[in-house]
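Q: Mind having a look at this structure? Questions to follow.
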Amino acid sequence: MVLAETVYFEESMKSLKFAALLLAAAPALAPLYAQTTVTKAPFGTLPDGGKVDVYTLTDKTLNVRIITFGAHIVSVDAPDKSGNIADVVLGYNDLAGYLADNKTYLGSVVGRYGNRIGKGQFTLDGKKVQLDLNNNGNTLHGGTTGFDRLNWTGKQVPNGVELTLVSKSGDMGFPGTVTAHVTYQLQGDKIAVNYSATTDAPTVVNLTQHSYFNLAGKGDILGHILTLNADRFTPTDAGLIPTGVLAPVAGTPFDFSKPTAIGARIDTPNEQLKLAGGYDHNWILTTPHPMGIKPIAVLTDPGSGRTLKVFTSEPGVQFYSGNFLDGTFKGRDGAPYTKYAGLCLETQHYPDSPNHPDWPSTTLLPGHTYHSETVFQFTTTK
3 MVLAETVYFE
13 ESMKSLKFAA
23 LLLAAAPALA
33 PLYAQTTVTK
43 APFGTLPDGG
53 KVDVYTLTDK
63 TLNVRIITFG
73 AHIVSVDAPD
83 KSGNIADVVL
93 GYNDLAGYLA
103 DNKTYLGSVV
113 GRYGNRIGKG
123 QFTLDGKKVQ
133 LDLNNNGNTL
143 HGGTTGFDRL
153 NWTGKQVPNG
163 VELTLVSKSG
173 DMGFPGTVTA
183 HVTYQLQGDK
193 IAVNYSATTD
203 APTVVNLTQH
213 SYFNLAGKGD
223 ILGHILTLNA
233 DRFTPTDAGL
243 IPTGVLAPVA
253 GTPFDFSKPT
263 AIGARIDTPN
273 EQLKLAGGYD
283 HNWILTTPHP
293 MGIKPIAVLT
303 DPGSGRTLKV
313 FTSEPGVQFY
323 SGNFLDGTFK
333 GRDGAPYTKY
343 AGLCLETQHY
353 PDSPNHPDWP
363 STTLLPGHTY
373 HSETVFQFTT
383 TK
């Protein structure tokens, strides 16, 4: 079943690319224009002497900065309904901030496996795999030294930058040497993020972008209005590992099928909210996978009018309301990042999928290519 699903997923990429082209031309997404200015500059030096670069992507609507360390999105400057510009993602002024923060994953690409794997264990090709444990006896975002803690190699491409990382076999316990690529391209009001990866031995791959959004540019996100195109989610145990149940959201605080303020029900007496200290769950997207890139979320800050629309080829999204931000780390303006300072919409395959063979597979085989695409579109509403 794993091989068949992997082949089916690869064959579907042809239709996905075609669907992406159609989507790019649709009214929901403005036409793509090759008007982006891309510049490169030094951002700092790692303890081992490695050089970190920052790529700045500038278009008529947005200004985006990306560094090679962890493939972090450092900043996204976006206008509000009155044309006022603010940075709408959490981040740090310099490399020292990112080196000091090994807990929050602000703006990084996480891997080799984004999200959690229960007990850091799974079976692949009849062999038990044991991963690095870094989160309450589980593996989170690839382990202690995941893709977010490594320096990628950058290369300018049209409208953006392509970042490449080679992860050797045995890295954090994962089998197979994986070559991963992530491309950020700025096109008008959209940031297109494309991931690909190949391997020389069977392994699992699940890459995602871990930016924390705050469309107001300050304060908390409890007043943001969220809509998710999902009718089920994956409840978790106390370790935030999915139980295996695919639970309906209807009648629960997890129902964002209609626009709802994030803070409206976050304090509801609910066991799942209590376990996570808020929202930190995987929603199962309504459109069956794989069906090409599709609209899956709309986030709006009523005060500024800034709106974020998310499109993806992935079957799930982790909505995380920033519950574990505790003020330890300070942002660009010196203010501490406290609980609910930002939220994440991590497009992904489901957490712990290697231990659920009936879920969409994250297995990558030699000779095949992993591919995933997500688009973040920034608009305004009056």
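For the sequence shown, our numbering begins at 3 and goes up steadily by one.
Don't be surprised by glycine CBs; every beta carbon is placed ideally from N, CA and C.
Could you check if Ala27 is buried or exposed, using at least 16 other CB atoms within 10 Å of its CB as the buried criterion?
A: The predicted position of Ala27 is uncertain, since its pLDDT is 38 and thus under 50; no value can be drawn from it.
Q: Does the Cβ of Ser84 have 16 or more other Cβ atoms within 10 Å, making it buried, or fewer, making it exposed?
A: exposed
Q: Which residue marks the beginning of the alpha helix (DSSP H) containing Gln274, and which one marks its end?
A: Taken as a continuous stretch (DSSP letters only), the alpha helix (DSSP H) holding Gln274 covers Glu273 to Ala278.
Q: Work out the CA separation of Pro261 and Ser364 for me, nearest whole Å.
A: Strictly speaking, residue 364 in this sequence is Thr, with Ser absent from that position. Thr364 and Pro261: Cα-Cα distance of roughly 31 Å.
Q: Leaving out the 5 sequence neighbours to the left and right, which residues in its chain are closer than 6 Å to Ala30 when beta-carbon positions are compared?
A: Interpretation of Ala30 is limited by its pLDDT of 41, a score under 50 that renders its predicted location unreliable; the figure taken from the coordinates is listed afterwards. Once the five neighbours on either side are set aside, Ala30 has no close Cβ partner at all.
Q: Roughly how many angstroms lie between the CA atoms of Pro160 and Leu167, to the nearest whole one?
A: 20 Å
Q: Cβ of Thr302 within 9 Å of Cβ of Leu217?
A: Closer than 9 Å, so yes.
Q: Give me the residue from Gly369, Asn357 and Val377 with the minimum Cα distance to Lys129.
A: Asn357
Q: Could you tell me the distance, in whole angstroms, from the CA atom of Ala73 to the CA atom of Thr147?
A: 14 Å
Q: From the DSSP output, in three-state form, read off Ile243 for me.
A: coil
Q: I'd like to check one pair, Phe326 with Thr106: are the Cβ atoms closer than 9 Å?
A: Closer than 9 Å, so yes.
Q: Count the other CB atoms, across all protein chains shown, that sit within 10 Å of the CB of Gln445; report buried if there are 16 or more and exposed otherwise.
A: Not covered by the structure: residue 445. The range shown for the chain is 3 to 384.
Q: If you follow the alpha helix (DSSP H) that Tyr372 is in, where does it begin and where does it stop?
A: Note, Tyr372: premise wrong, no alpha helix (DSSP H); beta strand (DSSP E) at Tyr372 to Thr382.
Q: Is there contact between the segment 311-319 and the segment 344-355, where contact requires at least three CB pairs shorter than 8 Å?
A: yes
Q: Thinking Thr210 and Gly116 are a contact (beta carbons under 8 Å), I'd like their distance in whole angstroms, please.
A: Going by Cβ atoms, the distance from Thr210 to Gly116 rounds to 4 Å, so yes, they are a contact pair.
Q: In this structure, does DSSP put Gly120 in helix, strand or coil?
A: helix
Q: Look up Val180 in the DSSP assignment and give the residues it is bridged to.
A: Ser169 and Thr201
Q: Using a Cβ-Cβ cutoff of less than 8 Å, which residues in the same chain neighbour Gly369 once the five nearest sequence positions on both sides are dropped?
A: If we look at Gly369 and ignore the five residues flanking it on each side, it has no Cβ neighbours.
Q: Using C-beta distances below 7 Å, list every residue in its chain close to Ala6, excluding the 5 sequence neighbours before and after it, in chain order.
A: Unreliable positioning characterises Ala6 in this predicted model, as indicated by a pLDDT of 36, which lies under 50. A coordinate reading is not provided.
Q: What residue from Leu152, Asn153 and Tyr186 has the CA that sits closest to Gly162's CA?
A: With respect to the C-alpha of Gly162, the residue from Leu152, Asn153 and Tyr186 having the closest C-alpha is Tyr186.
Q: For Ser363, name the three-state secondary structure that DSSP assigns.
A: coil
Q: Which one of Gly122, Thr41, Val300 and Leu135 has the shortest CA to CA distance from Thr383?
A: Val300
Q: With DSSP run on the structure shown, which of helix, strand or coil describes Pro356?
A: helix
Q: Residues bridged to Phe162 by DSSP?
A: A small correction: the amino acid at residue 162 is Gly; Phe does not occupy that position in the sequence shown. According to DSSP, Gly162 bridges with Val159 and Gln187.
Q: May I have the straight-line CA-CA distance separating Asn138 from Leu277, to the nearest angstrom?
A: 13 Å
Q: List the DSSP bridge partners of Ser84.
A: None, per the DSSP bridge assignment.
Q: Sorted by chain position, which residues of the same chain lie with C-beta nearer than 8 Å to Ala43's C-beta, five sequence neighbours on each side aside?
A: Asp55, Val56 and Thr58
Q: Give me the Cα-Cα distance between Ala337 and Val66, rounded to the nearest whole angstrom.
A: 21 Å
Q: Determine, for Asn231, whether the minimum Cβ-Cβ distance to residues of chain B falls below 9 Å.
A: This model lacks chain B altogether, as it is built from one protein chain only.
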